[in-house]
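In what follows, a structure is listed as structure tokens, so that the remarks can point back to it.
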Amino acid sequence: MTTGQHRAAQPETDPPDEEPLPTVAEQMADQLGGWRGLVESSIPVVVFVFANIIGELRPAVIASVAVALVIAGLRLVQRRPIRHAVNGLFGVGVGAAIAWRTGDERDFYLPGILYGIGYGIALLISAAVRQPLVGWIWSVLVAKGRSEWRDDPKLVRTFTQLTVLWGVVWLAKVGVQAGLYLAHQDTALGVARLALGYPPYALLLLITVWTVRRVTREPQPSPLPGA
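In terms of this note's numbering, the sequence shown opens at residue 1 and continues consecutively.
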């Protein structure tokens, strides 16, 4: 076989290039909505906390919902993704409706507490039945719908451990908020909502991306000669 023939045949034996995964920073920025998404999703809660401290409940509710609507409207006008704004608007709207109806400011945070409890329990159950929720979320958000990790015992174990970590942290942070809710510590509850919102989520996301990328990049054992 000549050199030219060898070169011509080479492309047929080379495996097709796989599209590289986004970088850690790119994946985190997408899930968190970037710095703008972080700030915009927190503004309505900040407005409610401060407006409620200096004024009454109903003006605080109106102000927080109005700010959330303005943020969503600006994103629509600028033709920017509104997923994070809509999520924030929904959360603020439900909490505001409950607080408005009951007249109790702490009820503004009740939907988030209930959601957190449900989410944490769902994570732990999924890990217990060997269907780790973090793995399936990874398939949807990062792996473009592929779920080959189910055939890799190491990745199944990794996603199970990460799912347990997410569940424990989620229940711990919502437990703090639930304790403040039951103790009628309304202002402290608002501060805890902000402090225990994105920081733990960002840390968990960083740990997850770093761990999965490290496991998937580990060299595979070389086949034995003659195998």
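From the three backbone atoms N, C-alpha and C, an ideal C-beta is built for every residue, glycine too.
Cβ distance (whole Å) where residue i is taken to contact residue j below 8 Å
{"i": "G112", "j": "R193", "result": "7 Å"}
{"i": "L196", "j": "V176", "result": "6 Å"}
{"i": "F90", "j": "A99", "result": "Rounded, the Cβ-Cβ distance is 15 Å, inconsistent with contact."}
{"i": "R236", "j": "Y181", "result": "Any question about residue 236 goes unanswered here, given that the chain covers just 1 to 227."}
Alpha carbon of residue i to alpha carbon of residue j, nearest angstrom
{"i": "R214", "j": "K154", "result": "12 Å"}
{"i": "V140", "j": "S147", "result": "9 Å"}
{"i": "D186", "j": "A202", "result": "25 Å"}
{"i": "R58", "j": "G190", "result": "16 Å"}
{"i": "A122", "j": "A143", "result": "22 Å"}
{"i": "L124", "j": "V169", "result": "11 Å"}
{"i": "G116", "j": "D151", "result": "30 Å"}
{"i": "Q78", "j": "V129", "result": "44 Å"}
{"i": "I62", "j": "W166", "result": "33 Å"}
Beta-carbon proximity list for residue i, same chain, < 6 Å, skipping 5 on both sides
{"i": "V94", "result": "P111"}
{"i": "T208", "result": "L162"}
{"i": "L171", "result": "G120"}
Cβ-based neighbour list, residue i, same chain, cut-off 8 Å, excluding 5 preceding and 5 following
{"i": "W138", "result": "W149, F159, T208 and V212"}
Same chain, Cβ closer than 7 Å to residue i, neighbours up to 5 away in sequence not counted
{"i": "P231", "result": "Absent from the model: residue 231. The displayed extent of the chain is 1 to 227, so no value can be given."}
With 16 other Cβ atoms within 10 Å as the buried cut-off, status of residue i
{"i": "A60", "result": "buried"}
{"i": "L76", "result": "exposed"}
{"i": "L133", "result": "buried"}
{"i": "G135", "result": "buried"}
Which full runs of the alpha helix (DSSP H) of 4+ residues lie inside the segment 41-114, going along the chain?
Runs found: 57-77 and 83-102.
Report the residue ranges of all alpha helix (DSSP H) runs contained in full by the segment 152-221; include only those spanning at least 4 residues, in chain order.
Counting only runs of at least 4 residues, the segment 152-221 fully encloses the following alpha helix (DSSP H) elements, listed from N- to C-terminal order: 153-182, 186-195 and 198-217.
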